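Note that the protein sequences, when read in sequence, are chains A and B. For the first sequence, my numbering assigns the number 248 to the initial residue and increments by one for each residue that follows. For the second sequence, my numbering assigns the number 248 to the initial residue and increments by one for each residue that follows. Glycine included, each C-beta is placed from N, C-alpha and C at the ideal position. As the structure is a prediction and not an experimental result, all values here were calculated from the model.
2 protein chains.
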Amino acid sequence: MVEDTSQLLDVLTGVEFFRGMSPTGLDAILRLADLTSFDADEYLFFQGDPADVFYIVVDGRVKLTQVNEEGVQVILNYPGPGEAFGIVAVLREMAFPVTAQTVEPTRCLAWRDSQLKQMILEYPQLGLNAIRILSKFIVEFQERIKELSTERVEQRVARTLLRLAGAEEAGVSGSRAIDFRLTRQDIAEMSGATLFTISRILSAWEREGLLGSDAQHITLLQPARLQELAEGRE
Amino acid sequence: MVEDTSQLLDVLTGVEFFRGMSPTGLDAILRLADLTSFDADEYLFFQGDPADVFYIVVDGRVKLTQVNEEGVQVILNYPGPGEAFGIVAVLREMAFPVTAQTVEPTRCLAWRDSQLKQMILEYPQLGLNAIRILSKFIVEFQERIKELSTERVEQRVARTLLRLAGAEEAGVSGSRAIDFRLTRQDIAEMSGATLFTISRILSAWEREGLLGSDAQHITLLQPARLQELAEGRE
DNA sequence: ATTTGTCATTGCGCTAGCGCAATATAGGTA
DNA sequence: TACCTATATTGCGCTAGCGCAATGACAAAT
Numbered sequence: 248m249v250e251d252t253s254q255l256l257d258v259l260t261g262v263e264f265f266r267g268m269s270p271t272g273l274d275a276i277l278r279l280a281d282l283t284s285f286d287a288d289e290y291l292f293f294q295g296d297p298a299d300v301f302y303i304v305v306d307g308r309v310k311l312t313q314v315n316e317e318g319v320q321v322i323l324n325y326p327g328p329g330e331a332f333g334i335v336a337v338l339r340e341m342a343f344p345v346t347a348q349t350v351e352p353t354r355c356l357a358w359r360d361s362q363l364k365q366m367i368l369e370y371p372q373l374g375l376n377a378i379r380i381l382s383k384f385i386v387e388f389q390e391r392i393k394e395l396s397t398e399r400v401e402q403r404v405a406r407t408l409l410r411l412a413g414a415e416e417a418g419v420s421g422s423r424a425i426d427f428r429l430t431r432q433d434i435a436e437m438s439g440a441t442l443f444t445i446s447r448i449l450s451a452w453e454r455e456g457l458l459g460s461d462a463q464h465i466t467l468l469q470p471a472r473l474q475e476l477a478e479g480r481e
Numbered sequence: 248m249v250e251d252t253s254q255l256l257d258v259l260t261g262v263e264f265f266r267g268m269s270p271t272g273l274d275a276i277l278r279l280a281d282l283t284s285f286d287a288d289e290y291l292f293f294q295g296d297p298a299d300v301f302y303i304v305v306d307g308r309v310k311l312t313q314v315n316e317e318g319v320q321v322i323l324n325y326p327g328p329g330e331a332f333g334i335v336a337v338l339r340e341m342a343f344p345v346t347a348q349t350v351e352p353t354r355c356l357a358w359r360d361s362q363l364k365q366m367i368l369e370y371p372q373l374g375l376n377a378i379r380i381l382s383k384f385i386v387e388f389q390e391r392i393k394e395l396s397t398e399r400v401e402q403r404v405a406r407t408l409l410r411l412a413g414a415e416e417a418g419v420s421g422s423r424a425i426d427f428r429l430t431r432q433d434i435a436e437m438s439g440a441t442l443f444t445i446s447r448i449l450s451a452w453e454r455e456g457l458l459g460s461d462a463q464h465i466t467l468l469q470p471a472r473l474q475e476l477a478e479g480r481e
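Here it is in structure tokens:
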């Protein structure tokens with residue numbers, strides 16, 4: 248199914264979902280996968296579609312969104328290289344709870360729901376890994392719920408940017424770029440605010456030298472200061 | 248470790264985490280568990296404690312909360328009989344992201360982190376079950392994020408009450424009681440609003456005959472109408 | 001019977017952030 | 001060069017919901 252197996256094996260060894268797998272096992276699993284290429288802005292699946300595929304991003308970036316009854320959109324996650332999505336739905340014989348759309352040209356490995364189940368039963372380590380990954384999401388989502396419930400927009404925007412820049416794990420020293428296209432509308436949909444409010448906040452921050460933006464690419468120039476704002480320490 | 252094994256076995260067979268387990272396996276797992284009784288309002292663990300235990304509620308009710316830097320609390324979940332909590336943290340060698348406190352006298356089965364890991368490796372079916380449970384939370388949390396981002400307080404309160412009454416699965420016909428103590432403050436902390444706003448909304452709904460409340464026990468008299476409010480159909 | 005503590009209600013003023021409209025900017029393309 | 005479309009900015013008025021304070025209701029404790 249896959250052309251360039253050895254190169255892909257390299258990628259997969261860094262993927263959390265496959266942590267602790269033997270090269271032999273990994274190779275067997277890789278043989279089951281489909282490698283698919285997508286253009287930018289292409290839809291992988293829609294919220295409500297029957298969930299029968301599970302993806303891992305090889306390169307590129309995918310946007311996961313939900314819409315409410317009135318059609319207002321919320322962005323839930325931006326999985327990038329090495330990250331998995333679709334596990335959530337695949338084992339529950341349910342519909343995808345989100346819509347997946349690429350934001351740039353993207354390649355993904357895909358497995359069918361039945362294959363995933365089989366893989367986990369054969370390699371229980373994968374079950375543990377999946378639990379770890381899902382737990383991480385739960386913790387992140389819990390935090391976002393907390394933020395939406397108790398914090399003001401400015402704090403949430405700061406947190407959103409830090410999160411997107413991956414500045415949490417990496418510490419807050421030096422400047423950090425968000426390496427994919429990101430409109431004000433996107434940021435609004437991630438932080439639970441309106442386009443207008445985001446525009447005002449980001450303009451102010453640019454004026455203060457907190458961040459630089461050009462052509463929808465944002466760079467956090469003072470992550471440490473942003474971190475302060477995120478925590479409400481004005 | 249456990250006194251009344253046969254009675255507990257009955258409870259466990261209904262638990263999602265143990266779905267598909269053989270009686271023999273279940274029995275072996277039960278032997279590893281500790282059954283602990285808690286009074287009302289007792290703390291099981293605090294946010295930030297090292298996560299080394301995984302619980303299943305036998306009877307009673309537990310409240311899972313988070314606090315932000317300023318000490319404002321958010322309620323994330325109210326696990327009841329048959330429901331698991333603590334899986335989230337236990338496999339990630341991390342701290343509990345929430346505080347767990349009973350809301351009434353409660354009995355829980357508890358396993359150590361190392362035991363859970365061992366159990367899953369021995370019975371991969373448990374891994375699949377855990378993934379299903381975690382996925383359900385993710386979907387619920389995603390929905391709450393969507394609600395907090397796009398809906399007004401009244402809608403969110405309606406949804407919170409329906410969720411607590413378990414009216415989603417059970418359909419919306421007939422009246423439904425929420426069978427545990429629940430203050431206005433609690434509802435506020437679940438729906439991302441203030442005590443005052445909740446009080447106003449619930450008073451109005453009581454006047455309209457939508458719900459009845461006495462001694463901190465709320466009954467949804469017209470779940471279908473609440474469902475309409477939740478969806479913004481005024 | 002009185003006190004104490006917890007929880008709920010309601011009035012009132014305030015403000016963060018929404019929502020709309022008008023205008024500006026910047027790539028892409030013909 | 002001019003045009004088109006998508007995105008961003010900014011001003012302005014408005015309101016949902018917050019935050020405080022005063023009061024009330026009820027149960028448990030002494």
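Contact belief for residue i with residue j at Cβ below 8 Å, rounded distance in angstroms
i: residue 264/A; j: residue 298/A; result: Incorrect: roughly 17 Å between the Cβ atoms, too far for contact.
i: residue 404/A; j: residue 438/A; result: 5 Å
i: residue 285/B; j: residue 333/B; result: So it is not a contact: roughly 14 Å between Cβ atoms.
i: residue 375/B; j: residue 367/A; result: 6 Å
i: residue 214/B; j: residue 422/B; result: Because chain B spans 248 through 481 in this model, residue 214/B falls outside it and cannot be assessed.
i: residue 323/B; j: residue 389/A; result: 6 Å
i: residue 317/A; j: residue 479/B; result: 7 Å
i: residue 261/B; j: residue 329/B; result: 6 Å
Chain A residues whose Cβ lies nearer than 8 Å to that of residue i
i: residue 364/B; result: 375
i: residue 334/B; result: 378, 382
Short CB-CB distance (under 7 Å) between residue i and chain A
i: residue 448/B; result: no
i: residue 382/B; result: yes
i: residue 321/B; result: yes
i: residue 392/B; result: yes
i: residue 327/B; result: no
i: residue 307/B; result: no
i: residue 464/B; result: no
Contacts around residue i, its chain only, beta-carbon distance under 8 Å, and the 5 residues preceding and following it disregarded
i: residue 314/A; result: 294, 320, 321, 346
i: residue 456/A; result: 468, 469
i: residue 394/B; result: 402, 403, 406
Min CB distance residue i to chain B below 7 Å
i: residue 410/A; result: no
i: residue 338/A; result: yes
i: residue 284/A; result: no
i: residue 439/A; result: yes
Cross-chain neighbours of residue i in chain B, by beta carbon under 7 Å
i: residue 344/A; result: 386, 389
Proximity of residue i and residue j at Cβ, strictly below 7 Å
i: residue 280/A; j: residue 356/A; result: yes
i: residue 442/B; j: residue 435/B; result: yes
i: residue 382/A; j: residue 335/B; result: yes
i: residue 354/A; j: residue 288/A; result: no
i: residue 445/A; j: residue 431/A; result: yes
i: residue 406/A; j: residue 477/A; result: yes
i: residue 410/B; j: residue 339/A; result: no
i: residue 304/A; j: residue 326/A; result: yes
i: residue 337/A; j: residue 311/A; result: no
i: residue 282/A; j: residue 259/A; result: no
i: residue 392/B; j: residue 391/A; result: yes
i: residue 278/B; j: residue 427/B; result: no
i: residue 463/B; j: residue 429/B; result: yes
Interface partners of residue i on chain A, CB under 9 Å
i: residue 469/B; result: None at all; the shortest Cβ gap to chain A is about 20 Å.
Beta-carbon neighbours of residue i, restricted to chain B and to distances below 8 Å
i: residue 479/A; result: 316, 317
Within chain B, partners of residue i - CB distance below 9 Å
i: residue 457/A; result: Neighbours of residue 457/A on chain B: none; closest Cβ ~20 Å, over 9 Å.
i: residue 368/A; result: 371, 372, 374, 375
Residue i: contacting residues in chain A (beta-carbon distance under 7 Å)
i: residue 397/B; result: 315, 319, 321
Sequence-distant residues of its chain with Cβ nearer than 6 Å to residue i (five each side left out)
i: residue 400/B; result: 440, 444
i: residue 460/B; result: none
i: residue 248/A; result: Only weak support exists for where residue 248/A lies, its pLDDT of 42 falling under 50; the value from the coordinates is given anyway. 281.
i: residue 292/A; result: 343, 347
Chain-order list of residues whose beta-carbon lies under 7 Å from that of residue i (same chain, five-residue window excluded)
i: residue 370/B; result: 268, 272
i: residue 276/B; result: 366
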